Amino acid sequence: MTGVRTTALACVVASLLLAGLNLLPAGSALHLPDFAVGLAGKYLAYAILAVAVDLVWGFAGILTLGHAAFFALGGYAMGMYLMREIGARGVYGNANLPDFMVFLSWTKLPWYWHGFEHLPFALLMALLVPAVLAGLFGWLAFRSRVSGVYLSIITQALTYALMLAFFRNDMGFGGNNGLTDFKDIAGFDLHARSTRASLLVLSALVLAGALMASRALLGGRFGSLLTAVRDAESRTRFLGYRPDHVKLVVWVFSALVAGAGGALYVTQVGIINPGEFAPAGSIEAVIWVAVGGRGTLSGAVLGAILVNGGKTLLTGLLPELWLYALGLLFILTTLFLPRGLMGLRAGGMRRLSLRLRARSDAGAGAAP
Amino acid sequence: MSVTNLLYLDGVSVSFDGFRALNGLSLLLAPGEMRAIIGPNGAGKTTMMDVITGRTRPDTGTASFRDEHDLTRLDEPAIARLGIGRKFQKPTVFEQLSVRDNLLLSLKGRRSPFAVLAARRETSEEGGRIDEILAITRLGEHAARAAGALSHGQKQWLEIGMLLGQDPELLLVDEPVAGMTDAETAQTAELLCSINRRHSVIVVEHDMEFVRALGVRVTVLHEGSVLAEGDLASVSQDPRVIEVYLGR
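Chains as they are written, first to last, in my numbering: chain A, 27 to 394; chain B, 2 to 249.
(1) Taking tyrosine 9/B as part of the beta strand (DSSP E), name the residues at either end of that continuous run.
(2) Across which residues does DSSP place valine 219/B in a beta bridge pair?
(3) Against glutamine 97/B, what residues of chain A qualify as contacts under a CB-to-CB distance less than 7 Å, listed in chain order?
(4) Please check the pair glycine 396/A and alanine 289/A, which I expect to be a contact at CB under 8 Å, by giving their CB distance rounded to whole angstroms.
(5) Please say whether glycine 225/B and glycine 45/B have beta carbons closer to each other than 8 Å?
(6) Let me check understanding here. Comparing Cα to Cα, which of Thr93/B, Val221/B, Gly231/B lies closest to glutamate 244/B?
(7) For valine 255/A, which residues from the same chain have a beta carbon less than 6 Å from its beta carbon, with the 5 sequence-adjacent residues on both sides left out?
(8) Relative to the C-alpha of threonine 90/A, which candidate in His140/A, Ala284/A, Trp132/A, Leu108/A has its C-alpha closest?
(9) Which word fits lysine 91/B, buried or exposed, when buried means at least 16 other C-beta atoms lie within 10 angstroms of its C-beta?
(10) Hey, out of Tyr176/A, Ala121/A, Val333/A, Leu44/A, whose CA is closest to threonine 359/A's CA?
(11) Could you please give the first and the last residue of the uninterrupted alpha helix (DSSP H) stretch that includes lysine 395/A?
(12) Got a sec: which bits of the region 54-82 of chain B sit with their beta carbon under 7 Å from any beta carbon on chain A, in order along the chain?
(13) When we look at the beta-carbon of alanine 393/A and count the other beta-carbons within 10 Å, is it buried (16 or more) or exposed?
(14) Which residues in chain A have a C-beta closer than 7 Å to the C-beta of threonine 93/B? List them in chain order.
(15) By how many angstroms is the C-alpha of arginine 218/B removed from the C-alpha of phenylalanine 356/A?
(16) CA-CA distance, leucine 196/B and leucine 172/B?
(17) Let me confirm a value: histidine 140/A is counted as buried when at least 16 other C-beta atoms fall within 10 Å, else exposed. Which label applies?
(18) Put alanine 98/A into one of helix, strand or coil per three-state DSSP.
(19) Give the residues of chain E in contact with glycine 246/A, contact being defined as C-beta atoms less than 7 Å apart.
(20) I want to verify the contact list: residues of chain A whose CB lies under 9 Å from the CB of aspartate 102/B, in sequence order.
(21) If you follow the beta strand (DSSP E) that lysine 88/B is part of, which residue opens it and which one closes it?
(22) Just the C-alpha distance for phenylalanine 85/A and leucine 56/A, rounded to the nearest angstrom, thanks.
(23) Using a Cβ-Cβ cut-off of 7 Å (strictly less than) and excluding sequence neighbours within five positions of glycine 40/B, which residues of its own chain qualify?
(24) Restricting to runs no shorter than 3 residues, where is the beta strand (DSSP E) found entirely within the region 53-93 of chain B?
(25) So, helix, strand or coil for phenylalanine 20/B, using DSSP?
(26) For leucine 135/A, which residues in the same chain have their Cβ closer than 8 Å to its Cβ, ignoring the five residues on either side in sequence?
(27) For glycine 366/A, return the contacting residues in chain B, with the cut-off set at a CB-CB distance below 8 Å.
(28) Taking 8 Å as the CB-CB limit, is leucine 265/A close to chain B?
(29) Can you name the residues that DSSP bridges to valine 174/B?
(30) For glutamate 69/B, count the other beta carbons within 10 Å of its own beta carbon; 16 or more makes it buried, fewer makes it exposed. Which is it?
(31) Does the region 344-351 of chain A come into contact with the region 294-303 of chain A, if we say contact requires no fewer than three beta-carbon pairs (one atom in each stretch) closer than 8 Å?
(32) Where does cysteine 37/A sit, in a helix, a strand or coil, going by DSSP?
(33) Thinking valine 82/A and arginine 241/A are a contact (beta carbons under 8 Å), I'd like their distance in whole angstroms, please.
(34) From the DSSP secondary-structure annotation, give me the bridge partner or partners of serine 99/B.
(35) Once you ignore the five residues that flank histidine 153/B on each side, which residues in its own chain have a CB closer than 6 Å to its CB?
(36) Count the other C-beta atoms from every protein chain shown that fall within 10 angstroms of the C-beta of isoleucine 203/B, then say buried if there are 16 or more, exposed otherwise.
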């Protein structure tokens, strides 16, 4: 976990820089176009999801293929607030019901939409709903000692089931179209440059917070215990530990982080729909972490930003090639960079120090 | 408080797919006792340890600890917390962690994830205890190394050290000298004898020299039940034991 603090700081500084460049007058040579701010914000939200995936995959050995579910649930919670915030400015001008409900000829707000008109409540739910679902899921799975590929498959099933559920119109979350057409957040216009710049910086701050909290969690004795559980789970039982409880703590914390990422994502992308639950999305998140370097936290951030940057470029230039490129990237990483880009760095350092040592040995002369 | 039996197995039977690994096994261990268990391969030694530590539920029979805890109703962590520690035949240590961190995790203390979260780094008391164990197990100079980098014999000792850290009332030790040199074997026998001053021990071993060096009461297992029990000299005179070990 070297350099986690540096990574956190770098993200915050970079976001401040980008926001600053965006606020320069449009004629300036250094002016950053608005769409770039939105993109950067999206990448940072994805980086938060990647940190969540790395927490459980890199440090607890749980290969999750369904983490986008927690991300999307956080996103929906925030989306619900943004929908309520539209108020009477919707197409149908109904102050009490979001447009899609009016369209479905609903007459009153479903009970689970109450409270979402308040931002603090929605924020709490964006963290709490993923955490509670993760707690329930993890408690059942870990207690039954489901692990390895079987666990990965159920995480896929979890996110797939949620996707199907959210596609249904009568679930009350906008069905296929999801939630969109947001106007403002806490009274600030979501399309205003200053709001978008603030959201970008906020995303960086949350990412930095998630990194530092993870570092604190993993740095102490609990981190050692987690490594022990990852590498020799049954041995920890004979020491009196309950590995299922240990895994549950990280799993729930990770879902919470993913939920925060999802909430920030929606404010900057402007839409949340059931497509976010698609199993492929969770698999992509795993690829980001693999590319950056599993079990390093910084690598997760790096991988999320680089792979998504590549995705933006390639889907713009050659959209039909993106999935092949992603697949190839994953294969090449697995074959040649098993420890990801961070491993490259560590490997480079080791080679360098070996070379230096060899040189100093040679310099010390032939005497043994 | 007078506990007459530390461990009491009565008529324990375990079958795997029709194979009777344990067949009406009964065993009594007094507090403070050290017992050596010998027997040919497949005699049920490891299954017996599995039953005591909660890894395997017996089909029939009872297993009680300090005459008050029914071991057949508890799982591994609960039994470990009661005070039964186990060293495996194949040394299993946490390879990525340092020797010191391995010992730190093993130290007696609260086991809930939140207690571990709150504990953070080792206290001076814990540090002192770890240093003591490092000295006993002769791993002092390796404290900062990753456990995975230790030699086979050192891993065995580290695992014994982790048992000491747990400070259990009863230690189960499965083939501690497999793969050790003669000198290491002799040292391990000494170590177990010194451990026995404060803990009860059950040791499973094939190596007769080692068992002789321990000089304790011996139980011979065969086909899942007790064939003979007594000191090594009398047991090795027993014609049935000779038959099992040398015959066929």
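Glycine included, each C-beta is placed from N, C-alpha and C at the ideal position.
Computed from a prediction, not measured in an experiment: that's the story for all the values here.
On the basis of the supplied data:
(1) 8-17
(2) Ala37/B, Gly231/B
(3) Thr253, Asp257
(4) No statement about residue 396/A is possible, as the shown extent of chain A runs from 27 to 394 and does not include it.
(5) yes
(6) Val221/B
(7) Thr262, Pro269, Val272
(8) Ala284/A
(9) exposed
(10) Val333/A
(11) Only positions 27 to 394 of chain A appear in the structure, and residue 395/A is not among them; the question remains open.
(12) Thr54, Glu77, Pro78, Ala81, Arg82
(13) The predicted model places alanine 393/A with a pLDDT of 39, which falls under 50 and marks its position as unreliable; any figure quoted below should be read in that light. Its Cβ having fewer than 16 others within 10 Å, alanine 393/A is exposed.
(14) Ala258, Arg261
(15) 60 Å
(16) Just to set this straight, residue 196/B is isoleucine in the shown sequence, not leucine. Those two C-alpha atoms are separated by around 9 Å.
(17) exposed
(18) helix
(19) This model lacks chain E altogether; the protein chains it does include are A and B.
(20) Arg247, Ser250, Thr253, Ala254
(21) 85-88
(22) 41 Å
(23) Lys46, Val221, Leu222, His223
(24) 61-66, 85-88
(25) strand
(26) Asn122, Leu123, Met127
(27) In chain order: nothing, as chain B lies at least about 17 Å away.
(28) yes
(29) Lys88/B, Val204/B
(30) exposed
(31) no
(32) helix
(33) Between arginine 241/A and valine 82/A the Cβ distance is about 16 Å, and since that is not below 8 Å, they are no contact.
(34) Ala147/B
(35) Gly180
(36) buried
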